[in-house]
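Each remark here refers to the structure printed beneath this line.
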Amino acid sequence: MDTEYILELDGVTKEFPGVKALDNIQLKVRKGTVHALMGENGAGKSTLMKIIFGIYTPDSGVIRYKGNPIKLHGSKDAIQYGISMIHQELSPIPHMTVAENIFLGRESTRGFGWINRKKMDQEAGQLLQDLNMNINPKAKMIDLSIANIQMVEIATAVSHNADLIIMDEPTSAITDKEVEQLFAIIESLKDKGVTIIYISHKMNEIFRISDDITIFRDGQYIGTKAASDFTQDTLIQMMVGREIKQVFHKETADIGEVALSVRNLTRNGKFNDISFEVRKGEILGIAGLMGSGRTEVIESIFGIHPPDSGEIYIHGQKATIRSPQEAISYKIGLLTEDRKITGAFLPLSVKDNMIISSIDDFTSSGYIKSKLANNMCKIFVERLNVKTPSLNQEMMNLSGGNQQKVLLGRWLMNNPDILILDEPTRGIDVGAKAEIHKLMSRLAQTGKAIIMISSELPEVLGMSDRILVMHEGASKGELEREKASQERIMELAYS
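Just so we're aligned, residue 62 is where the sequence shown starts under my numbering, counting upward by one.
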């Protein structure tokens, strides 16, 4: 059966306990196009993609692929039909090589079933070379940067020679240069007739590469148009059902005394001679390219990887911080860069994830004071607008944006004086970003000292009172808000 659509969904519905994730979804994807899916976190995008890839089974509805109804009972079925997927959350096998990860489950073999590693390395090397990825196929995944792990995931999806590739937030952890590589790959795939379903919260990407855009909201289909028929404002309005006039809710706050002072901080091989301070009521932005040492500096301040030399002062008093527990005792909170790996306890409940950093406040004689914990968690769930059916819902069942809000609630419940936010809005939709930015401004107005690391320059410029720019483990300068510009930051970041 010939049709202009490679994929058609009609009436697809999916419920989880207490949540209707998808409600009578419609979708038509034209062959050989890039079809973007847009919507706030919790809109149902990733759930729908997992249905198309066979990870979830719909409760009702029809999926047609190349004009024919299909039923998928797992991702292997999807791959056999010619459907591949790059997942939002990275899931490498860390102690296996790049080649072993790419060909996992379909290894080359020789006599007596022995794995032909030489052939796998050669094929993986050729694939990576064809994709212009400078990655050693023999390297272990655990030794790669997050950006290179993401590139391996992209290479793995392409290696299946699929007719339809789903890309769920593929640029969330890669550099601008690697984004350009990905876009070149997408163009070459389109030239070969491959169809791409693309999910991203980055508007500039969507308008640059998309042919069509479909909007979802609260698990429902809102509409589909050609990308050229949208403006950024109309797209946002359809996504959130309201007009967002200002994403960066930066408000003035009284700047007080120095809360945190870092002097000549050094961790050998990671960063050298870093000095800065942040005051009460101030938001200090830290900018720089991936690998510049931004995250490594704040991990040392928080005691995850203590520095080799240098001094840290909290409210004017010298502090010795050799562990996160000691950092917490100094009333420092850290929202980590990767919520899945270093932030959330995915199998545990929303309540457990919220109270974990202040557990002593909710225990007596080794028992949790359930009523107190429930009451406090309810306050922060409401304050942060966390969408969850209950406090007992497992974190793994929440959208990425709602997981991030729970983790913010964890630290706010601990009432920190100094709050460090590492990529606080990565992978979060425009509505949730506005909420978090507004929260940051409110916290600064209450006298909190905030350090924000972000790879998004508009966010750095929009939210920071001062900006520290780093390059290859060194501080390249500080910029006052009034004198900062995207061009000046990039000049320092590349210097």
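For glycine and all other residues, C-beta sits at the position ideal for the given N, C-alpha and C.
The structure displayed is predicted, hence computed values, not measured ones.
Nearest in C-alpha terms to L192, of all of N177, A200, L250, K201, is L250. Per DSSP, R340 is not a residue of any alpha helix (DSSP H); the beta strand (DSSP E) it occupies stretches across 332-340. D526 sits buried, since 16 or more C-beta atoms from the chains shown fall within 10 Å of its C-beta. Between S353 and the set L553, L151, D120, T94, the nearest pair of CA atoms involves L553.
One thing to note: L529 has its Cβ within 9 Å of the Cβ of I347. Nearest to D272 by alpha-carbon distance, out of K92, N453, R549, is K92. Residues of the same chain with a CB within less than 7 Å of the CB of I276, apart from the 5 flanking positions on each side, are M99, G100, I283, G284, M299, M300 in chain order.
Take the alpha-carbon of V447 and the one of Q465: they are about 9 Å apart. Separation of S289 and D490 (C-alpha to C-alpha, rounded to the nearest whole angstrom) is 21 Å.
For the 9 Å CB-CB criterion, G462 and A510 do not form a contact. Between P155 and I203 the beta-carbon gap is near 4 Å, inside 8 Å, which marks them as a contact. For T170, same chain residues with a beta-carbon under 8 Å away, outside a window of 5 residues either side, are I176, N177 in chain order. Under the three-state reduction of DSSP, Y282 is assigned to strand. By the 16-neighbour rule on beta-carbons within 10 angstroms, S145 is buried.
Contact between I393 and F441 fails: their C-beta atoms lie close to 19 Å from each other, not under 8 Å.
Listed in chain order, the non-local C-beta contacts of T232 below 7 Å within the same chain comprise V240, L243, S261, K263, E266, local neighbours out to five positions each way being set aside. As the crow flies, the alpha-carbon of Q187 is around 11 Å from that of K180.
In the three-state reduction of the DSSP assignment, H156 falls in the coil class. T356 and M194 have their C-alpha atoms spaced approximately 24 Å apart. Under the Cβ criterion (8 Å, minimum of three pairs), the region 107-115 does not count as touching the region 474-488.
Within the DSSP bridge table, the entry for I270 names no partner. In the structure shown, the three-state DSSP call for N209 is helix. Contact check for Q293 against F309 fails: the beta carbons are separated by 9 Å or more.
Secondary structure of V491 (DSSP, three-state): helix. Assignment of beta strand (DSSP E) within the region 141-195, counting only whole runs of 3 or more residues, yields 144-147 in chain order.
Annotated three-state conformation of K379 is strand, per DSSP. Residue environment analysis places Y428 among the exposed positions, since fewer than 16 neighbouring C-beta atoms fall within 10 angstroms of its C-beta. Here F173 is exposed: its Cβ has fewer than 16 other Cβ atoms, across all protein chains shown, within 10 Å.
The three-state secondary structure of E65, taken from DSSP, is coil. Remark: fewer than three beta-carbon pairs, one from each stretch, lie closer than 8 Å, so the region 313-326 and the region 133-152 are not flagged as touching.
With respect to the 9 Å criterion, L345 and M513 are classified as neighbours on the basis of their beta carbons.
In this structure G371 is in contact with T327, their Cβ atoms being roughly 5 Å apart against a cut-off of 8 Å.
A residue is called buried when at least 16 other Cβ atoms come within 10 angstroms of its Cβ; V123 does not meet this threshold and is exposed.
For a cut-off of 8 Å, the C-beta gap from G342 to G523 is around 17 Å, too long to register as a contact. Between N475 and S384, the C-beta gap is not smaller than 9 Å, which leaves the two residues out of contact. Scanning its chain for C-beta atoms nearer than 7 Å, with the 5 sequence neighbours on each side dropped, one finds around L133 the residues G115, A139, in chain order.
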